[in-house]
Amino acid sequence: MTDRRADIVANIQEVRQRMQKVTPSGQQPTLVAVSKYKPAEDILAAYEGAEQKHFGENYVQEMVEKSEKLPRDIAWHFIGNLQSNKCKVVAAIPNLYAVETIESAKKADALNKACVQVSRENALNVFVQLNTSGEESKSGADPESCVEIAKHIVENCPKLTLYGLMTIGAPDRDTNGGENPDFVCLRECKAKVEEAIPGSSMQLSMGMSADYEDALRSGSTNIRVGSTIFGSRPVKQ
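The numbering used here puts the first residue of the sequence shown at -1, with every later residue one more than the last.
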């Protein structure tokens, strides 16, 4: 085992151990290893050496290229800004597990249409992305619209499965020793959606390398960890 491969495996094992310590009893959250800008060899090291199955990508073309090279049972999560003209390309990836960045009914419609166009066999899991911090630099819908978008997906997008809610928590939120307000907000949105849509059960995608332990304590069921596993990433040119 090369040093690079051994480091990746050790990093994943450490993250899993830390997850286990803070995850509420009875829950089994999903670790999504964010592999943007990282070579296919790094992903294969995690897949083979640590049996890591879920990987997240921010850029459509990068995910397409990697999905063609790597094992077909990898579960890909698209976690970047999805442009409407790229929906068809994304929907055509056979082992795409989820799109975590649906921020409007319009985007949901575009992705649903794309799934029909590529004759996608199974409904695609989607998360509604909410901008819980109100930062202009971040994507996501206003939390107040969470029920409206969620109901639209359920009622009008048969090729999509409403799977959960997602947010990117602000890194320097003043918690006063308590929970991150972004995580509290997403959890409250989950309750609203589940009340409005009987029988629904929302996953919560929140928490990254810097705050995934806090997110798990707040009820996250899906964390997106990149640099802690693969190291720092180069700046996109």
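Every residue, glycine too, gets a C-beta built ideally from N, C-alpha and C.
Considering just the uninterrupted stretch of the alpha helix (DSSP H) at arginine 14, what are its terminal residues?
For this step, residue 14 is matched to residue 16 along the sequence shown. From DSSP, the alpha helix (DSSP H) with arginine 14 extends over 1 to 20.
Would you mind stating whether valine 191 and serine 216 have Cβ atoms separated by less than 8 Å?
Sequence index remark: in the sequence shown, residue 191 carries index 193 (1-based). Sequence index remark: in the sequence shown, residue 216 carries index 218 (1-based). Against a cut-off of 8 Å, the Cβ pair of serine 216 and valine 191 comes out as no contact.
Just to confirm, are lysine 105 and serine 82 a CB contact at a threshold of 8 Å?
Against the sequence shown, residue 105 aligns to sequence position 107. Against the sequence shown, residue 82 aligns to sequence position 84. The answer is yes: Cβ separation under 8 Å.
Residue from Glu101, Glu193, Ala4, Arg14 with nearest C-alpha to asparagine 220:
In the sequence shown, residue 220 corresponds to position 222, counting from 1. Looking at the Cα atoms, Arg14 is the closest of the given residues.
By the three-class DSSP mapping on this structure, what secondary structure does leucine 109 have?
Translated into the one-based positions of the sequence shown, residue 109 becomes position 111. Note: leucine 109 maps to helix in three-state DSSP.
Since alanine 90 and lysine 67 should fall inside the 8 Å C-beta cutoff, what is the C-beta to C-beta distance between them, to a whole number of angstroms?
Here residue 90 corresponds to residue number 92 of the sequence shown, with the count starting at 1. Here residue 67 corresponds to residue number 69 of the sequence shown, with the count starting at 1. Between lysine 67 and alanine 90 the Cβ distance is about 16 Å, and since that is not below 8 Å, they are no contact.
Opposing strand residues paired with asparagine 123 [DSSP bridges]:
As a first step, residue 123 must be located in the sequence shown, where it is residue number 125. In the DSSP output, where bridge partners are listed per residue, asparagine 123 has Ala96, Thr159.
What did DSSP end up calling glutamate 146 once you bin it into helix, strand or coil?
One-based indexing of the sequence shown puts residue 146 at position 148. Helix, per DSSP.
So, helix, strand or coil for methionine 204, using DSSP?
Here residue 204 is taken as the residue at index 206 of the sequence shown, counted from 1. Reduced to three states, the DSSP call for methionine 204 is coil.
Helix, strand or coil for arginine 118 per DSSP?
As a working mapping, residue 118 is identified with position 120 in the sequence shown. Correct three-state label for arginine 118: coil.
Cα separation between aspartate 1 and asparagine 9?
The residue given as residue 1 occupies position 3 in the sequence shown. The residue given as residue 9 occupies position 11 in the sequence shown. Taking the straight line joining both Cα atoms gives about 12 Å.
C-alpha distance - aspartate 209 paired with cysteine 155, whole-angstrom precision:
Here the question's residue 209 lines up with position 211 in the sequence shown. Here the question's residue 155 lines up with position 157 in the sequence shown. So the alpha carbons of these two residues sit roughly 33 Å apart.
Name the residue from Ser65, Asn129, Ser207 whose alpha carbon lies nearest to the alpha carbon of aspartate 79.
Here residue 79 is taken as the residue at index 81 of the sequence shown, counted from 1. For clarity, residue 79 is asparagine in the given sequence; the question names aspartate instead. Looking at the Cα atoms, Asn129 is the closest of the given residues.
Those runs of the beta strand (DSSP E) which lie wholly inside the region 31 to 76 and span at least 3 residues
Complete beta strand (DSSP E) runs here, min 3: 52 to 55, 73 to 76.
Valine 223 bridges to which residues according to DSSP?
The residue you call residue 223 lines up with position 225 of the sequence shown. In DSSP, valine 223 forms a bridge with Ala31.
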